[in-house]
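A quick write-up on the structure given underneath.
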Amino acid sequence: MSQPYNPEKIELKWQKNWEQAHCFEAEASHEKPKFYALIEFPYPSGAGLHVGHPRSNTAMDIIARKRRMEGYNVLFPIGWDAFGLPTENYAIKNHVHPAGVTKKNIDHFREQLKRIGFSFDWSREVDTTDPAYFKWTQWIFLQLYKKGLAYKSEMPVNWCPSCKCGLANEEVVAGKCERCGAEVIRRVKSQWMLKITDYAQKLLDGLDDVDFIEKVKVQQRNWIGRSEGAEVDFALEDTDEKLRVYTTRPDTLFGATYMVVAPEHAVVDRLRARIQNWDEVVAYREAAARKSDFERTELAKDKTGVELKGVRAIDPVNGRSIPVYISDYVLATYGTGAIMAVPAHDERDWEFAKKFGLPIIEVVAGGEDVQKAAYTDVADGVLVNSGFLDGLSVAEAKKTIIDWLVEHKVGERKVNYKLRDWVFSRQRYWGEPIPLVYCEKCGWVPVPEEQLPVLLPEVDNYEPTDSGESPLSKIESWVNTTCPHCGGPAKRETDTMPQWAGSSWYFLRYADAHCDTALARYDELKYWMPVDWYNGGMEHTTLHLLYSRFWNLFLYDIGAIPNKEAYQKRTSHGMILGANGEKMSKSRGNVINPDDTIAEIGADAFRLYEMFMGAFDQAIPWSTEGARGCRRFLERVWRLQDMLTGEERVRPEMEASVHGMIKKVSEDYERMKYNTAIAAMMSFVNELYANSRVSRGELRALLLCLNPVAPHITEEMWEACGFGEPIYKQKWPTWDEGKLVADEVEIAVQICGKVRARIMAPTSLGREDGAKLLEDETVKKLVGDKPVKKLIFVPGRLLNIVC
RNA sequence: GCGGGUGUGGCGGAAUGGCAGACGCGGCAGAUUUAGGAUCUGUUGCCUUCGGCGUAUGAGUUCGAGUCUCUUCACCCGCACCA
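What follows is the structure, encoded as structure tokens:
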């Protein structure tokens, strides 16, 4: 009898063994085909590892281990996304240095990850707060700056009053701060911005060349939000001013009955002298500015606005004089900040027109009465009341009117994107300093590259300020410096970079983690990039995933790296919920601690359960009982040692099962159908138990298949059975299609689609051989004298007799 | 409102248009055991007498539909006045 299964003992043994053998480190040689597997590097929070991390990690660990056995040179790295607010807040509260907190948290995370036995290449660990790392983060920022893609702009930003910090659009969720949930207000600040909008089209086009799960592509496309239309100039009566609008429906130009500009639109100020109700306009503008994004969204249904009395615009196609309004349903930051309103064919305009008693003119026929509702779904509509466009389809009208606009120099074709530039400044301490200084004489001057990194100063107090200044602004000895350009007095930029900075290029660093001459050597990047398979959370789709694609495209454009797209394949795991089906959170009291689970059932069973609990891409509630079931399965596997026969080979009667298992497991790992792969191995073990014996060949096959999921127990049993070199040096097993099927299979016999019997039939029967089965006694009895009208035979599955 | 997704036993979930419920959890029974919250074996969708009914809903295509088409409903995620 074998010893009882003691996961803790064997897991620690093998973890030590792997570490000493350095067997999971990527090979320096570039001879073998490479495979780069990536998981999102964790933010080392004080709370420690969450059960969600191992779901993604185990999934990719399985792929990485399988690829090594398939002969690839595998890079499966790990690191720490360690700048960020929670650490800083903790440091403030406890009067300690964030760097110390970060180190402690990283040490804890590393310990936890090692205890789960992931086959990470620990020799390439990166840490975004390490000066040797963020030197290159700053270097990339300088390249962006030099190419005009980083600029400072006075603009209203999303401001979180609780974090006392500006936020990117991507960090605002339903009008609230993504991190702390506080309501976000708008505040005008001078901010560093990255011109991600210059890359809108490239970010869109790149999606066609990569293998991302569809919902990621869809979400990124929607976020980028390309739309095609035209810009049109409307002259303002009795002035030299023109009001330019953007529209996706230039075909409805004859139906424009008024115009609207955003409250912030500059034309309002320029027309001040003409506006008769200026006080009213100012009051409206102030009210609109005071609204938070949240309020603005809440009040979306009820349209408000004020007419600019004394201002009228002229529709360029028909010379009609129409009024101009300001309203906050028009956004200052999209298009030109002004629209032509066509109430007959736009719901928002329709609502506004109804409320303000403005005319509604139908210009596309084919819908219901436009006085009762806007007709917007105009797919097969025909233009009416539209002069030279009458009788055209919408598509034809669009083309015709744009030609007309161009010819008359009052407009042009235009593409717009919803994507906004990336607000890159954070008024906090624990981030990469932005490597620029401001000189009264020379303006903004980049810190010379040879002086990078710009380090964070030691500070006594990291408290953010209510004034909206970074805590760094209080450190005069750091702020005051000399201008690299003229040598005169200058001041450092005191804002830091957002957390997304370090994570926007870390996958490049892994290719050459200790390089000090570049972000990574070109040769290494050429070999390793792109990432072959990147698994991570859906919540990063329009944040990290988009930002990092942008940086990668940019670095490619300046020749710093050899590949265009960062990631060849992107997949995403579902969330692990609490046992009650709700999101895990401290306040709900349903958090499962990985350490506790591992102490109870072991790391292998923990990994196994995380992969078995359900479909990988779906949210699944945790079940402690289910996790114990996985431990039970490993116990059963363990006891197979006691059922070993001396036979070296797979027994003939087990060949179909063995080959079936290998095929199923091999294919299901690739499709991330981990749950069914594991089910197949469970079935195989059940079969072995049913005949109470297992040959060495059968056990070998099982251990090889199970190894990527449960690496410790399989190595231990492999060694105990004397199967030779450790599994990590073995080849991935292959299967023989010819051995998958037995000679005879069970066929379901249906009469008119209803199953009436099951018979055994030779596997060799083809689709045309169904009639032969009518000779079977059981079938004869079922059919009786009835004439057979039709016969459908599906080889290996069923026979359907239609009488 | 728009976009994406999901709906199958008591539970998590399986099913290239071809035997619905694999596998696991939970339950039940038996064996073994001083004992079992260990292990092994069997059993477990529902109603039942034959047999019937079952994949959110209603229709359709098909010899055959959980799977394809259309309808309705419910829930989840993302975006949200983007002209």
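Residues 228 to 1030 in our numbering are what the first sequence spells out, letter by letter. Even glycine gets a Cβ: it sits at the ideal position worked out from N, Cα and C. Computed from a prediction, not measured in an experiment: that's the story for all the values here.
Just the Cα atoms here: how many angstroms apart are D576 and D596? 16 Å
Closest to P543 by C-alpha separation, out of G614, W386, D607, D1012, would be which residue?
In terms of Cα proximity to P543, the closest of G614, W386, D607, D1012 is G614.
*asked:* Need the endpoints of the beta strand (DSSP E) that G306 sits in, please.
replied: 304 to 307
Practice task
Tell me where the alpha helix (DSSP H) around Y372 begins and ends.
Solution key: Unbroken alpha helix (DSSP H) run through Y372: 358 to 373.
Should the segment 707 to 723 be called in touch with the segment 743 to 756, which here means at least 3 C-beta pairs below 8 Å? no
Assumed close pair D438, Q795 - CB separation to whole angstroms, cut-off 8 Å
About 6 Å separates the two Cβ atoms, so the contact holds.
- [ ] Just the C-alpha distance for V384 and A516, rounded to the nearest angstrom, thanks.
- [x] 12 Å
What are the start and end residues of the alpha helix (DSSP H) that includes Y896? 882 to 897
Q.
I need the boundaries of the alpha helix (DSSP H) containing E973, first residue and last residue.
A. Not the alpha helix (DSSP H): E973 falls in the beta strand (DSSP E), residues 971 to 978.
- [ ] Could you have a look at S910 and say whether DSSP puts it in helix, strand or coil?
- [x] helix
Just checking my contact of Y473 with E458 at CB under 8 Å: how many whole Å lie between their CB atoms? 5 Å
Could you give the C-beta distance for K341 and Y299, rounded to a whole number, given that I count them as a contact under 8 Å? At roughly 23 Å, the Cβ-Cβ gap does not stay under 8 Å, so K341 and Y299 are not in contact.
Compute the distance between the beta-carbons of S346 and R292, then report whether it is under 9 Å. yes
**Expected contact under 8 Å - CB spacing of M420 and F651 to nearest Å** = 6 Å
- Message: Runs of 4 residues minimum, wholly inside the segment 524 to 594: which ones carry the alpha helix (DSSP H) assignment?
- Response: 574 to 583
Helix, strand or coil for I290, going by three-state DSSP, please let me know. helix
task = For the beta strand (DSSP E) holding T329, just list the boundary residues, first then last.
result = Here T329 belongs to no beta strand (DSSP E); instead the alpha helix (DSSP H) covers 325 to 343.
* For N1027 and P938, the rounded distance between their alpha carbons -> 46 Å
List, from N- to C-terminal side, the alpha helix (DSSP H) runs of 4 residues or more that fit wholly inside the segment 596 to 656. 621 to 634
- To the nearest angstrom, how far is it from the Cα of A565 to the Cα of A510? Here the C-alpha atom of A565 lies approximately 19 Å from the C-alpha atom of A510.
Which of the three DSSP states is assigned to T723 in this structure?
strand
For the beta strand (DSSP E) that contains T474, what are its first and last residues? 469 to 474
Taking the CB atoms as reference points, tell me whether V936 and R834 lie closer together than 9 Å. yes
- What is the DSSP secondary structure of D425, reduced to helix, strand or coil? helix
Measure the alpha-carbon distance for Y689 versus P698 and round it to whole angstroms.
-> 6 Å
### Query
Per DSSP, what kind of secondary structure is E455 in: helix, strand or coil?
strand
Looking at the secondary structure, which residues open and close the alpha helix (DSSP H) in which T314 lies?
312 to 321
- Query: Are there three or more Cβ pairs, one per stretch, closer than 8 Å when the segment 247 to 267 is compared with the segment 893 to 911?
  - Reply: no
I'd like to check one pair, Y270 with L241: are the Cβ atoms closer than 9 Å?
Looking at the sequence itself, residue 241 is Trp, so the reference to Leu does not match. Contact: no.
- request: Identify every residue that forms a DSSP beta bridge with E410.
  value: K403
### Task
Within the segment 653 to 704, note down every full beta strand (DSSP E) run reaching 3 residues or more, in order along the chain.
663 to 666, 670 to 673
Checking 9 Å against the spacing of the C-beta atoms, do R983 and S922 come in under that value? no
_Applying the 10 Å Cβ sphere with the 16-neighbour rule, what's the burial state of D739?_
buried
Just confirm the distance between the C-beta atoms of L376 and K422, as a whole number of angstroms; I'd bet it's less than 8 Å. 4 Å
Q. According to DSSP, which residues form a beta bridge with Q418?
A. S380
Whole beta strand (DSSP E) elements within the segment 920 to 1002, 3-residue minimum
Qualifying beta strand (DSSP E) stretches, in chain order: 971 to 978, 981 to 989.
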